[in-house]
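Everything on this sheet refers to the single structure shown next.
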Amino acid sequence: MENKDRIYIFDTTLRDGEQSPGATLNVPEKLEIAKQLAKLGVDIIEAGFPFSSPGDFEAVNLISKEVQGPTICALARAKKEDVEKAAQSLEPAKKRRIHTFIATSDIHMEHKLKMSREKVIKTAVETVAFAKGFTPDIEFSPEDAGRSDPKFLYEILQAVIEAGATTLNIPDTVGYTVPLEFGALIKGIKENVKSIDKAIISVHCHNDLGLAVANSLSAAMNGARQIECTINGIGERAGNCSLEEIVMILKTRPHLNLFTNVDSTQIYRTSRLVSTLTNMLVQPNKAIVGANAFAHEAGIHQDGFLKYKRTYEIMNPEDVGLLTSKLPLGPRSGRHAVKDRLEELGYHLSDEDLSKAFERFKEIADKKKRVEDRDLESIVRDEQRTAETTTYYEIEALQIACGTGLPTASICLKKTDNNLFIKDSALGTGPVDAIYKAINKIVGVQNELIEFSVQSVTEGIDALGEVTIRIRSEGGAIYSGHAANTDIMLASAKAYLNALNKYVSAESAGKKVLVQKDDFIASKGV
Ligand code: KIV
Ligand code: ZN
Numbered sequence: 114m115e116n117k118d119r120i121y122i123f124d125t126t127l128r129d130g131e132q133s134p135g136a137t138l139n140v141p142e143k144l145e146i147a148k149q150l151a152k153l154g155v156d157i158i159e160a161g162f163p164f165s166s167p168g169d170f171e172a173v174n175l176i177s178k179e180v181q182g183p184t185i186c187a188l189a190r191a192k193k194e195d196v197e198k199a200a201q202s203l204e205p206a207k208k209r210r211i212h213t214f215i216a217t218s219d220i221h222m223e224h225k226l227k228m229s230r231e232k233v234i235k236t237a238v239e240t241v242a243f244a245k246g247f248t249p250d251i252e253f254s255p256e257d258a259g260r261s262d263p264k265f266l267y268e269i270l271q272a273v274i275e276a277g278a279t280t281l282n283i284p285d286t287v288g289y290t291v292p293l294e295f296g297a298l299i300k301g302i303k304e305n306v307k308s309i310d311k312a313i314i315s316v317h318c319h320n321d322l323g324l325a326v327a328n329s330l331s332a333a334m335n336g337a338r339q340i341e342c343t344i345n346g347i348g349e350r351a352g353n354c355s356l357e358e359i360v361m362i363l364k365t366r367p368h369l370n371l372f373t374n375v376d377s378t379q380i381y382r383t384s385r386l387v388s389t390l391t392n393m394l395v396q397p398n399k400a401i402v403g404a405n406a407f408a409h410e411a412g413i414h415q416d417g418f419l420k421y422k423r424t425y426e427i428m429n430p431e432d433v434g435l436l437t438s439k440l441p442l443g444p445r446s447g448r449h450a451v452k453d454r455l456e457e458l459g460y461h462l463s464d465e466d467l468s469k470a471f472e473r474f475k476e477i478a479d480k481k482k483r484v485e486d487r488d489l490e491s492i493v494r495d496e497q498r499t500a501e502t503t504t505y506y507e508i509e510a511l512q513i514a515c516g517t518g519l520p521t522a523s524i525c526l527k528k529t530d531n532n533l534f535i536k537d538s539a540l541g542t543g544p545v546d547a548i549y550k551a552i553n554k555i556v557g558v559q560n561e562l563i564e565f566s567v568q569s570v571t572e573g574i575d576a577l578g579e580v581t582i583r584i585r586s587e588g589g590a591i592y593s594g595h596a597a598n599t600d601i602m603l604a605s606a607k608a609y610l611n612a613l614n615k616y617v618s619a620e621s622a623g624k625k626v627l628v629q630k631d632d633f634i635a636s637k638g639v
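First residue of the sequence shown? That's 114 in the numbering used here, and the numbers climb one at a time after it.
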């Protein structure tokens, strides 16, 4: 028998979250996040909107094949062609859900859909019935429910339950409602939709007024049993209800008598992964996962905290997966200490991978003296990324001259298939531009740099810098590249090469013949 106090966590980082401006993820990145969401223990992963693009279709399909545990869900407008695509992409999933939606507010029906209420109900019912032919697990959302006439909502919700919907998701699409009002809406639905006991009430709150979490909580206190949320609260416009906040509210305030099955110790790792891959920084004062969330600055707070930590700390940092550092690692730390620390952080490496990570650790410890957990995680992720990408080119040497004169980069790349060392140099508008131009001369792959960002892993002048870039191929495919190094010019070069290696790999996998500039290389006499 289901526990009535359990809140199902429906994660939509890969669908609504990915709608955040600039947060585009490619298919392997989506798979990596989905695997981590499964470790986090979410109940449902909304993996994408398959009709919207071939990339979304592919991601939902791959996640359906490779991710075990959560139900995999795909979004579909209330249109047969959308539902068919969603069903097709979800085919390999053991547990699959189709989520269909149509707007129900007067403003949307009149100006966007140009449909009457009757037509909207008919379309919703027909779509749900059609989707039911593919899976028994159907979610229906009356889009903009927060601004819809409650009586119309009761009517359409009853109709879709009769057609087979098993989850009724109530979205506050534009983040307009306030907690008392939204809670009352959920209570009204529970009391006025005759067959409501046949379905689970879900909520999907946007954060335009900063109330997404408060509204979701109020809904749960009034009978909602599924909350839709995203890691770091990312999503359309101001984002969605933040998963880490809602989960930790329920964990920290047991008097609410509501619980989730999420393993909160995986929260920090998931947050870092999503932040790195979407390239959306987490603000330092963000609840739960911000860099300052567990930092005590004021003297009076530090004094109280040291006497009794509960004076100023309502949660244990360990509960969200933040380890309070014991002995800092440094140049004298051995392989064993690094292995132990990595295992505490949840990384169980093979001997070979540990050796590579340890080599990197030593390099960094020599420069930084004190290596923190975030540095270690960054090193491991960097190594994992390199291992996952077929390496066609490696950096052998890099030299940059910059300042007020002419920024110049000279680079030597090793072409791994024939061990050729190729050198070239270029002038640029700045040092990174010069590096990328020099690399382009050697690799000779047409692309456009569409994103470049540098983030410091820890504080201090000696911090590791993590560079994330995205390039667009001639055919429009997007490849991301990441790298971390205490030298941000080297990190920039490695990140670019990481993206180019992915590009070359994808193209040589048969899609297109590459313009590998062998004749260019030959003309350089290398
Ligand atoms: O915000 C919204 O209304 C949505 C729906 C598709 C659920 O994202
Ligand atoms: Zn939304």
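We put the CB at the ideal spot given by N, CA and C, even for glycine. Everything numeric in this text was worked out from a predicted model, so none of it was measured.
Cβ neighbour criterion (16 or more within 10 Å) applied to residue i
i           : result
residue 421 : exposed
residue 518 : exposed
residue 635 : Residue placement at residue 635 is flagged as unreliable, the pLDDT there being 30, under the threshold of 50; the coordinate-derived value follows with that caveat. So residue 635 ends up on the exposed side.
residue 158 : buried
residue 574 : exposed
residue 368 : exposed
residue 128 : buried
residue 218 : buried
residue 384 : buried
residue 190 : buried
residue 638 : Reliability fails at residue 638, whose pLDDT of 27 lies under 50, so the model's placement of it is uncertain and the value that follows must be treated cautiously. Under this definition residue 638 is an exposed residue.
residue 626 : Note that residue 626 has pLDDT 32, beneath the 50 cutoff, so the model's placement of it is unreliable and no number is given.
residue 408 : exposed
residue 572 : exposed
residue 528 : buried
residue 427 : exposed
residue 464 : exposed
residue 479 : exposed
residue 339 : buried
Pick from the options that is closest to residue i, judged by C-alpha positions
i           : options               : result
residue 602 : 584, 568 and 404      : 568
residue 457 : 557, 486, 446 and 535 : 486
residue 350 : 468, 376 and 319      : 319
residue 580 : 606, 587 and 468      : 606
residue 277 : 291, 313 and 260      : 313
residue 515 : 539, 259 and 504      : 539
residue 582 : 476, 594, 483 and 172 : 594
residue 570 : 564, 578 and 261      : 578
residue 222 : 120, 260 and 430      : 260
residue 394 : 182, 133 and 120      : 133
residue 498 : 145, 270 and 508      : 145
residue 501 : 425, 449, 459 and 614 : 614
Residues that DSSP places opposite residue i in a beta bridge
i           : result
residue 186 : 159 and 210
residue 347 : DSSP lists no partner for residue 347.
residue 520 : Residue 520 is not bridged to any residue.
residue 593 : 583
residue 535 : 526
residue 569 : 578
residue 484 : 442
residue 124 : 158 and 342
residue 119 : 372
First and last residue of the uninterrupted beta strand (DSSP E) at residue i
i           : result
residue 506 : 506 to 514
residue 380 : Note, residue 380: premise wrong, no beta strand (DSSP E); alpha helix (DSSP H) at 380 to 391.
residue 431 : That residue, residue 431, is in no beta strand (DSSP E); it is neither H nor E in DSSP.
residue 253 : 251 to 256
residue 329 : Unbroken run through residue 329 is the alpha helix (DSSP H), 325 to 334; no beta strand (DSSP E).
residue 224 : From DSSP, residue 224 is part of no beta strand (DSSP E); its letter is neither H nor E.
residue 313 : 313 to 318
Start and end residues, alpha helix (DSSP H) containing residue i
i           : result
residue 583 : No alpha helix (DSSP H) holds residue 583; the beta strand (DSSP E) holding it covers 578 to 586.
residue 180 : No alpha helix (DSSP H) contains residue 180, which DSSP labels as neither H nor E.
residue 609 : 601 to 619
residue 282 : Element bounds for residue 282: not the alpha helix (DSSP H) but the beta strand (DSSP E), 280 to 285.
residue 359 : 356 to 365
residue 196 : 193 to 203
residue 449 : 448 to 457
residue 552 : 544 to 556
residue 292 : 292 to 305
Report yes or no: do three or more beta-carbon pairs, one from the region 538 to 554 and one from the region 599 to 616, lie closer than 8 Å? In this structure the region 538 to 554 lies against the region 599 to 616, because at least three pairs of beta carbons, one per stretch, are closer than 8 Å.
So does the region 277 to 286 actually touch the region 253 to 260, counting three or more Cβ pairs closer than 8 Å? The region 253 to 260 and the region 277 to 286 touch, with three or more beta-carbon pairs separated by less than 8 Å.
Evaluate the contact criterion for the region 356 to 368 versus the region 460 to 474: three or more CB pairs, one atom per stretch, below 8 Å. By the criterion of at least three beta-carbon pairs nearer than 8 Å, the region 356 to 368 is not in contact with the region 460 to 474.
For the region 316 to 336 against the region 284 to 298, are there 3 or more C-beta pairs whose distance is under 8 Å? Contact between the region 316 to 336 and the region 284 to 298 is present, because at least three Cβ pairs lie under 8 Å.
Are at least three pairs of beta-carbons, each pair with one atom in the region 181 to 191 and one in the region 209 to 216, less than 8 Å apart? Short answer: they touch.
Touching or not, the region 164 to 174 and the region 230 to 237, by the rule of three or more beta carbon pairs under 8 Å? As far as the Cβ criterion goes, the region 164 to 174 does not touch the region 230 to 237, which means the pair count is below three.
Under 8 Å: do the region 143 to 153 and the region 371 to 384 share three or more Cβ pairs, one atom per stretch? The region 143 to 153 is in contact with the region 371 to 384.
Three-pair Cβ contact test at 8 Å for the region 378 to 397 versus the region 339 to 350: With the cut-off at 8 Å, the region 378 to 397 and the region 339 to 350 touch.
Would you check if there are 3 or more beta carbon pairs closer than 8 Å linking the region 396 to 403 to the region 444 to 459? Segments in contact, no.
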